[in-house]
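Undergrad: Top to bottom, those sequences are chains R and S. Anchor point for the first sequence: position 239 equals 239 in this note's numbering, and the numbering is continuous, going up by one each time. Count along the second sequence from 1, then add 1000; that gives the number in this note's numbering.
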Amino acid sequence: MFGLIGHSTSFADAKRKASILGFDHIAEGDLDVWCMAPPQLVENVEVKSAVGISIEGSYIDSCFVPEMLSRFKTARRKVLNAMELAQKKGINITALGGFTSIIFENFNLLQHKQIRNTSLEWERFTTGNTHTAWVICRQLEINAPKVGIDIKKSNVAVIGATGDIGSAVCRWLTKKTGIGELIMVARQQEPLIALQKELDGGVIKTLEEALPLADIVVWVASMPKTMEIDISRLKKPCLMIDGGYPKNLDEKFKGNDIHILKGGIVKFFNDIGWNMMELAEMENPQREMFACFAEAMILEFEKCHTNFSWGRNNITLEKMEFIGAASEKHGFSAIGLDKQINPLPV
Amino acid sequence: MNKSFTNMQTLESNKKSNLEPQVDENSGNLPDFTTDAYKDAYSRINAIVIEGEQEAYDNYISIASLLPKDSEELTKLAKMELKHKRGFIACGKNLSVEADMVFAKEFFSKLHGNFQTALENENLTTCLLIQAILIEAFAISAYHVYIRVADPFAKKITQGVVNDEYLHLNYGEKWLKENLHTCKNELIAANKANLPLIKKMLDQVADDAAILSMDKEELMEEFMIAYQDALLEMGLDNREIARMAMAAIV
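Quick look at the structure:
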C-alpha cells in the first residue's frame, strides 16, 4: 500500500472541505479545535499502472493548516500523528506532502521516533523530492523549446538553489540537460558556495540581479507576497516554472511572452477515481497530482519500500534517473504548457 | 513540489522566522518536581488518577454482574486497575505529595452517577461506553502526555500502566463491535450524555495539568485519537464518528 499525507491550503479551505466530507465536528470548530483534531484517513483508492500493476493506497489529511506554522508544538504533533496513523494502517510507503516534509525536516522530527505505542519506521516514508526535482527538470527540457528558448544557450536561474529540490535541479541541469549558464539564488551564501564548488560551475546572484538575466526561472521556494517585480525587465520569452508551495507565481507575472508552468505536477495516463486531488485543487483532479505524491505510488508500483527521498541534499542523479524511468513506465508525465498556450475549445 | 512558506523567499530563511526553536521539551526540559506549585497541582492530578483506577475496578466488577459469561476476564481486568492504583499511590509518595481524594471523588461524581444509573437499569452498552471507552481513552491520552513530562519513577510506572489500559479499551471495543447492530442507538445516546462530561473534566484540570507541563491541546488531541480509534474499531464510519465527536465541543 502507498500513502499520501496532505493538508488544506488554508484554514478557511480546510473547513469547507471538512464540511463536504461530513466531518462536521471539525468543520464547525475554530482553529483551536483543529489544533486538537486527530489526523483523518479520508480515502482509499486502487490504482492500475500503465503496465498493468495494481496497487492500493490511502489519503490521510493531517488536519494541519498553514495557519498553524507559528505553533511549533501543534505543527509537530500534526505531522507525527499523521505518520503514526499511516504506519498503523500498515502502509508501506507514504509521501509527506505540502508543508509536512518541511516541518519534518526543519523541526527536526527525526528525534521523535516514538509516538505513543508506535515506533516510527522511517523507511516507510518519503519526501517525494527526488521525483519532484526530476519532474521540474523534465518540464524545463520539454517546454523551453516550445516557447522558443534554446536550452543549450539559455540562462537558467534557480531560486532556492540550495534546498533539497533546488540543489538536485542544479545538479541535473548542469550534468544532464546542458544549459548555457546556471544562476543560483538563495539566502545563505555558505551553502551556495559549497554547491558551486560541487557543481564546478554556476554563478551566484541575488534575486534582483538574476531575474533580468534569466531565460528560464525555476522557483523552488515561494515568492514573497510583498515582492514587486518589474516585468518589463524580464527577458522575452521567459519560462517560469513554479515549483514552490503554494503556487502563486501567476499572480505576479502576467504578461506577454512570460510563460508560467506549474512545477512538480504530474499527470497519470488514466482517471484514478479518487476525490483527494480535488482537495489539492488540481486542474484535472482525476489525473493530476503533486510529483511527491506520485513518488509514493511509483515506489509502491516498483515494490521499492524504502525512504527513497530522505534528509537533505541526498538526491543523486542516479536516483533521479531511476525514479524518472519508473515514472514514465507506470504512466506518469510532467504537465506541460500546451493547454495553457492553446486552450481546448469547451 | 517544493514546500516553502508563503511569504518566504527561500527555504533557508524559514529557519529564522517561524521555525525559531525549539528547546525539545521531551529531552531534558522537564518541570521541577520539587516546587510547591508542582506538588500542589500533583496532589489533585495524582488523586484523580488514583480515584480513576478505583472507579475502574468497581466498574469492571459491576459490568461483570451484567455479563456473567465474561466474569472471569472482567475480574482480571478489574484487578489490573487495583495494581495501577497502588502504582500511582507510590508515585505520590515518591514526590512526598498527599493526594486530594475529596477533590477526586467530586471530580468523578457526575460520571460515577451516570454509570450507576446505567448499571441499575442494566444498560450494559452505556456502562461499557462510559468505562471501557470514554474513561479508558481519557486515561490513555493523559498517560501518554504525562509519560513525556513525568519524573523518572512515575514515568516507568505509567509506561507499564498505559499498555494495560489498551487491553481494557480493546475489551470494550470488541464487545461493542460484536453487538453494534443492536446497541448503536444506545451507544450514540450514551455518548451524547457523557462525552461532554469528559470535556468538562479535562477543562477542569487544565490549569493543574499545565503546571505538570501537560498541554491541554495535546491532552484533547490524544483523547480524540484514542476515542476515534476505538469508534473506528467498533465499525462506525467517519461521518458517524464526526457526529459523535461533536458532542464534545458543542
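Here a beta-carbon is modelled for each residue, glycine too, at the ideal position from N, C-alpha and C. Keep in mind that this is a model prediction, so the values were computed, not measured.
1. What residue does the alpha helix (DSSP H) around residue 1165 of chain S start on, and which one ends it?
2. Which runs of the beta strand (DSSP E) spanning at least 3 residues fall entirely within the region 45-116 of chain R, listed in chain order?
3. Quick one: measure Cβ to Cβ for residue 1248 of chain S and residue 1199 of chain S, integer angstroms, because I've assumed they're closer than 8 Å.
4. So, for residue 1097 of chain S: in the same chain, excluding its five sequence neighbours on each side, which residues have a beta-carbon less than 8 Å away from its beta-carbon?
5. Measure the beta-carbon distance from residue 1132 of chain S to residue 1168 of chain S and round it to whole angstroms, keeping in mind my assumption that it falls under 8 Å.
6. Counting C-beta neighbours from all protein chains within 10 Å, is the total for residue 193 of chain R 16 or more, i.e. buried, or is it exposed?
7. What are the start and end residues of the alpha helix (DSSP H) that includes residue 333 of chain R?
8. With respect to the alpha helix (DSSP H) encompassing residue 1097 of chain S, which residues constitute its N-terminal and C-terminal limits?
9. Quick one: is residue 28 of chain R near chain S, going by C-beta distance under 9 Å?
10. May I ask you to report which of helix, strand or coil DSSP gives residue 262 of chain R?
11. What in chain C is Cβ-close to residue 36 of chain R, meaning under 8 Å?
12. Could you confirm whether any beta carbon from chain S is found closer than 9 Å to the beta carbon of residue 334 of chain R?
13. Report all residues from its chain with a CB closer than 6 Å to the CB of residue 45 of chain R; omit the five preceding and five following residues, and keep chain order.
14. What residues from chain R crowd round residue 1112 of chain S, counting only those whose CB sits closer than 8 Å?
15. Nearest-angstrom Cα distance between residue 128 of chain R and residue 291 of chain R?
16. When burial is assigned at 16 or more other CB atoms within 10 Å of the CB, is residue 1090 of chain S buried or exposed?
17. Flag residue 1162 of chain S as yes if its beta-carbon sits less than 9 Å from any beta-carbon of chain R, otherwise no.
18. Is residue 39 of chain R helix, strand or coil when you go by DSSP?
19. Hey, is residue 117 of chain R's beta-carbon within less than 9 Å of any beta-carbon in chain S?
20. Going by beta carbon distance, what residues of the same chain come within less than 7 Å of residue 1183 of chain S, once the five residues before and after it are set aside?
21. What would DSSP say about residue 282 of chain R, mapped onto helix, strand or coil?
22. Please report the straight-line C-alpha distance between residue 1230 of chain S and residue 88 of chain R, rounded to a whole angstrom.
23. Identify whether residue 119 of chain R lies in helix, strand or coil by the three-state DSSP scheme.
24. Kindly indicate which three-state DSSP category residue 3 of chain R falls into: helix, strand or coil?
25. Leaving aside the five residues before and after residue 207 of chain R along the sequence, list all residues of the same chain whose C-beta is less than 6 Å from its C-beta, in chain order.
26. So which residues on chain S does residue 81 of chain R lean against when the C-beta distance must stay under 7 Å?
27. How would you call residue 20 of chain R, buried or exposed, if buried means at least 16 neighbouring beta carbons within 10 angstroms?
28. Can you list the residues of chain S that residue 273 of chain R reaches, using a CB-CB cut of under 9 Å?
29. Along the chain, where does the beta strand (DSSP E) containing residue 181 of chain R start, and where does it finish?
30. Between which two residues does the alpha helix (DSSP H) containing residue 1059 of chain S stretch?
31. Residue 6 of chain R: buried (16+ other C-beta within 10 angstroms of its C-beta) or exposed?
32. Taking C-beta pairs closer than 8 Å, name the residues in chain S that residue 74 of chain R reaches, listed in chain order.
33. Specify the secondary structure class of residue 137 of chain R as computed by DSSP and reduced to three states.
34. Roughly how many angstroms lie between the CA atoms of residue 228 of chain R and residue 80 of chain R, to the nearest whole one?
35. Which residues bound the beta strand (DSSP E) around residue 219 of chain R?
36. Along the beta strand (DSSP E) that carries residue 156 of chain R, what are the first and last residues, could you check?
TA: Put simply:
1. 1152-1178
2. 54-61 and 93-96
3. 5 Å
4. 1039, 1042, 1043 and 1046
5. 6 Å
6. exposed
7. Segment 332-334 is the beta strand (DSSP E) holding residue 333 of chain R; no alpha helix (DSSP H) there.
8. No alpha helix (DSSP H) holds residue 1097 of chain S; DSSP gives it neither H nor E.
9. yes
10. strand
11. You won't find chain C in this structure, because its protein chains are R and S.
12. no
13. 57 and 274
14. Result: empty, since nearest Cβ-Cβ is about 26 Å, beyond 8 Å.
15. 7 Å
16. exposed
17. yes
18. coil
19. yes
20. 1125 and 1176
21. coil
22. 14 Å
23. strand
24. strand
25. 185
26. 1225
27. exposed
28. Within chain S, no residue comes near residue 273 of chain R; the closest Cβ sits about 19 Å away, beyond 9 Å.
29. 181-185
30. 1036-1066
31. buried
32. 1217
33. helix
34. 37 Å
35. 216-219
36. 155-159
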